[in-house]
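Trainee: Protein chains in written order, with this note's numbering: chain Z, 1 to 336; chain W, 1001 to 1302. Idealized CB from N, CA, C, for every residue including glycine.
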Amino acid sequence: MKEKKEKNMNIDAPLSAEDTAKKATTAELDEYAKERAALAKRQKKQVVKHHKKLIKRRKPNRSIGGDIALYIFLIFIAIAMSFPIVYAISSSLKPLDELFMFPPKIFAKYPTTDNFSDLFVTMGKSWVPFSRYLTNTLLITVVGTFGHLIIASMAAYVLAKGDIPGGNGFFKLVTLALMFTGYVTSIPNYLIINFFGMVDTHLAVIIPAFAMPIGLFMMKQYMESIPDALMEAARIDGANEWKTFMTIIFPNVKPASMTIIIFAVQALWNNGATNVIYSEEKKTLVYALNQIQGGGIARTGQAAAVTVIIMMVPILFFIFAESQILETMASSGMKD
Amino acid sequence: MRKKEREITWMKVKKRKNRYLFLLPYALIFTLFNILPIVSSIFLSFTYFNILETPRFIGLDNYFNLILQDDVFITALKNTLVIAIITGPVGYLGSFFFAWLINELPRWVRSVAVIIFYAPSIASNVFVIFSIFFRGDVYGYVNSLLMSLGITRSPILFFLDPKYMLPICMLVIVWQSLGVGFLSFVAGFQGVDQSQYEAAYVDGVKNRWQELWYITLPSMKPMLLFGAVMTISSSFSVCDVTRTLCGFPSTDYAARTVVTHLFDYGYMRFEMGYASAIATILFLMMILCNKFVQKFLRRLGT
């Protein structure tokens, strides 16, 4: 009985110590979160105030005429910029006779979703089941994106906060990699993928995506804005590196995580991967859809539908995460 | 003294070796798929290599052939430079200009404007729609417009006539050019300290342009550098637009770019050594252009 109690106490003791440490960190975190919330509130107030000021008292260096001219110019440009996209969407809703109508109309007279349903019929007839293409793309996109998020954030954490010798040099290399595109390295990349026996597997797309330089760059720049005191508090409380990373850093970089996710999804979703994947049953959705699109004049309607489907995913993701991406972009600058 | 420094560094490395473990996965994959390819690309560019045989060292032959004998490469190089020199600055200044214009709009209008301007650059292959606008027969929209206005009498073969290929491709590229750099600029404008403007009004700044030059530009320099990097790497690697719109190969190779030339030799003729030489030249062009532009931008406003 006594022994048991002692044991209990023994178990209890470290637990309670850890508990207090946890509490301390959570308290610290709470404080930080509160501070952030207060800051956001203040900023919002300022924005509101700013708007009110705009209504009451305009900025001193603005003339009404200039503002109106600017608005008209912007509206004109916005219409011109969005025209191809709007036209692509409206074409996908046109029945076949209207698609070939001349002179063309911008908006369909009798809009229909026939093109999309036709597309699904065509997809159903392909000899590799269409769900297979979709699964392939989802697999590549999800695994690639999350792997990239974790691996790049871990690296960004030590580069931003770790103060390790060689860290700056490595980060310079990453910024250098931003300066050239994947085309430059495509041939040796293929040889390396081949060397590891990854040709014609999904890994050939997924593994290189883990180390996209843009993700690390964004994440590292954003992490620099997290106060050092926060981590030091956690370290004093006895949290190890991993714990600090998972409980302090990671929850506080949500906007940057979101940005990384969106960029990775954009890159992977649009990846036809024709260079490294040969087997039909391993190919991606974009590849299959492009095949349908290349089907000639009889598939004009379906091609329009394909264009819209491929285009919508990155755009919708962006709309969904716009404010967080812009928040991350605020720290995207290159300091030296 | 130096020995001591080295000792301190070594101590740091030892003490923080756990942190290197965090860096390790990324560093490994990054080295494997970014650093190593560059190094091996430079190495392969001095060899004859067709994948089947082991690479054979041939010195600078690839480069001599490229510059002295390969007319198509010269065309490709010229096209790439023309595209980069025109669409690069236009896209960059355009990004900056529009980010600046939408900066003072109310919040929700601004976010709609950002979506409208940014969408073309992520809408993958929507630019295919331009091939309908510029179709080469009388039913092409631009052609029928030009003919009904009496500007031309017969339809223009926009994607087959070397005279028109590059300008139309550049139009499409400019349409797509408000990319990540644009987002960075939008955020940068938002981040400029408002009190600086108020101070400037007191100091006698008179109009928008002066505000831009004296306050906004200097405080946005980091974003300007980042935007430049993104613009340069995308404007030198044009290939999708020209390949999709003008065909591959295009008439008289008039729309060939360095990247499509690289694909031709790398993935169709399997002359990997030669293709590596092309890649190395492209790499050097991008890096040099970046260094040059960064040097220029750093001097801005000081």
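In chain order, which alpha helix (DSSP H) runs of at least 4 residues are fully inside the region 269-326 of chain Z?
Mentor: Correct list: 285-293.
Trainee: If the criterion is Cβ atoms closer than 8 Å, does the pair residue 268/Z and residue 209/Z meet it?
Mentor: Yes. Within cutoff.
Trainee: If I'm right that residue 311/Z touches residue 1126/W with Cβ under 8 Å, what's the distance once you round it to whole angstroms?
Mentor: So it is a contact: roughly 5 Å between Cβ atoms.
Trainee: Taking 8 Å as the CB-CB cut-off, is residue 244/Z touching chain W?
Mentor: Chain W contact via Cβ: absent.
Trainee: Would you verify that the beta carbon of residue 1022/W is, or is not, closer than 8 Å to some beta carbon of chain Z?
Mentor: Residue 1022/W counts as touching chain Z.
Trainee: Name, going along the chain, the residues of the region 207-225 of chain Z whose beta-carbon falls closer than 8 Å to a beta-carbon of chain W.
Mentor: Under the 8 Å Cβ criterion, the region 207-225 of chain Z contributes 207, 208, 210, 211, 213, 214 and 216.
Trainee: Among 263/Z, 195/Z and 82/Z, which residue has its Cα nearest to the Cα of residue 148/Z?
Mentor: If we check each option's Cα against that of residue 148/Z, 263/Z comes out closest.
Trainee: So, helix, strand or coil for residue 1047/W, using DSSP?
Mentor: Three-state result, residue 1047/W: strand.
Trainee: Taking buried to mean at least 16 other C-beta atoms within 10 Å of its own C-beta, is residue 1165/W buried or exposed?
Mentor: Looking at its Cβ environment, which holds 16 or more other Cβ atoms inside 10 Å, residue 1165/W is buried.
Trainee: Express the C-alpha separation of residue 1073/W and residue 1083/W in angstroms, rounding to a whole number.
Mentor: Their Cα atoms are separated by approximately 15 Å.
Trainee: Quick check on the DSSP output: the alpha helix (DSSP H) that includes residue 334/Z runs from which residue to which?
Mentor: Counting along the chain, residue 334/Z falls outside any alpha helix (DSSP H), and DSSP gives it neither H nor E.
Trainee: Listed from N- to C-terminal order along the chain, which residues in the region 78-103 of chain Z have their beta-carbon within a distance smaller than 8 Å of any beta-carbon of chain W?
Mentor: Hits within the stretch, in order: 78, 81, 82, 84, 85, 87, 88, 91, 102 and 103.
Trainee: Report the rounded CA-to-CA distance for residue 211/Z versus residue 1029/W, giving the unit in angstroms.
Mentor: The alpha-carbon atoms of residue 211/Z and residue 1029/W are separated by roughly 6 Å.
Trainee: Give the residues from the region 1268-1292 of chain W that approach chain Z closer than 7 Å (Cβ to any Cβ), ordered along the chain.
Mentor: Those residues of the region 1268-1292 of chain W that come within reach of chain Z (Cβ to Cβ, closer than 7 Å) are 1272, 1275, 1276, 1279, 1282, 1283, 1286, 1287 and 1290.
Trainee: Where does residue 120/Z fall in DSSP's three states?
Mentor: Residue 120/Z: helix per DSSP, three-state reduction.
Trainee: Kindly list the residues whose CB is nearer than 7 Å to the CB of residue 1075/W, restricted to its own chain and excluding five residues on each side of it in sequence; keep chain order.
Mentor: Result list for residue 1075/W: 1253 and 1256, in chain order.
Trainee: Quick check: the region 179-199 of chain Z against the region 237-244 of chain Z, are at least 3 beta-carbon pairs closer than 8 Å?
Mentor: The region 237-244 of chain Z, when compared against the region 179-199 of chain Z, does not touch it at the 8 Å Cβ threshold.
Trainee: How many Å lie between residue 1106/W and residue 74/Z at the Cα?
Mentor: Approximately 14 Å, taken between the alpha carbons.
Trainee: Residue range of the alpha helix (DSSP H) that residue 1061/W falls in?
Mentor: That run of the alpha helix (DSSP H) goes 1061-1064.
Trainee: Are residue 140/Z and residue 284/Z closer than 8 Å when you measure CB to CB?
Mentor: Going by C-beta atoms, residue 140/Z is nearer than 8 Å to residue 284/Z.
Trainee: According to DSSP, which residues form a beta bridge with residue 1056/W?
Mentor: Answer by DSSP bridge pairing, in chain order: 1048/W.
Trainee: In chain Z, which residues lie less than 7 Å from residue 1009/W when you measure between Cβ atoms?
Mentor: The answer, in chain order, is 165.
Trainee: Where does the unbroken alpha helix (DSSP H) through residue 215/Z begin, and where does it stop?
Mentor: That run of the alpha helix (DSSP H) goes 213-223.
Trainee: Quick check on this structure: which residue in 164/Z, 154/Z and 175/Z has the alpha carbon closest to the alpha carbon of residue 1015/W?
Mentor: Looking at the Cα atoms, 164/Z is the closest of the given residues.
Trainee: Tell me whether residue 1016/W sits in a helix, a strand or coil according to DSSP, three-state version.
Mentor: Of the three classes helix, strand and coil, the one that applies to residue 1016/W here is coil, per DSSP.
Trainee: Taking DSSP as the reference, what is the three-state secondary structure of residue 1038/W?
Mentor: Residue 1038/W falls in the helix class under three-state DSSP.
Trainee: Exposed or buried, residue 1148/W, counting other C-beta atoms within 10 Å across all chains shown (16 or more means buried)?
Mentor: Counting Cβ neighbours within 10 Å, residue 1148/W comes out exposed, since fewer than 16 surround it.
Trainee: Give the C-beta separation of residue 203/Z and residue 152/Z to the nearest angstrom, bearing in mind that I take them to be a contact with Cβ-Cβ under 8 Å.
Mentor: Residue 203/Z to residue 152/Z, Cβ: 18 Å. No contact.
Trainee: If you drop the 5 nearest sequence neighbours on each side, which residues of the same chain put their C-beta closer than 6 Å to that of residue 303/Z?
Mentor: Only 293 meet the Cβ criterion.
Trainee: According to the Cβ coordinates, are residue 1062/W and residue 1277/W closer than 8 Å?
Mentor: Yes, the Cβ-Cβ distance between residue 1062/W and residue 1277/W is below 8 Å.
Trainee: Classify residue 237/Z as buried or exposed, calling it buried when 16 or more other Cβ atoms lie within 10 Å of its own Cβ.
Mentor: Buried.
Trainee: Between residue 1238/W and the rest of its own chain, which residues show a CB-CB distance below 8 Å, the 5 nearest in sequence each way excluded?
Mentor: The answer, listed in chain order, is 1080, 1083, 1084, 1087, 1169, 1173, 1257 and 1259.
Trainee: With a threshold of 8 Å, are at least 3 pairs of Cβ atoms found where one atom belongs to the region 1136-1147 of chain W and the other to the region 1184-1197 of chain W?
Mentor: No contact exists between the region 1136-1147 of chain W and the region 1184-1197 of chain W.
Trainee: Within the same chain, show all residues whose beta-carbon is closer than 6 Å to that of residue 287/Z, passing over the 5 residues directly before and after it, in chain order.
Mentor: So the list reads 272, once near-sequence residues are dropped.
Trainee: Helix, strand or coil for residue 240/Z? Go by DSSP, reduced to three states.
Mentor: DSSP places residue 240/Z in coil when its eight states are reduced to three.
Trainee: Take residue 1130/W and list the residues in its own chain whose beta-carbon comes closer than 6 Å to its own, dropping the five residues that flank it on each side.
Mentor: So the list reads 1172, once near-sequence residues are dropped.
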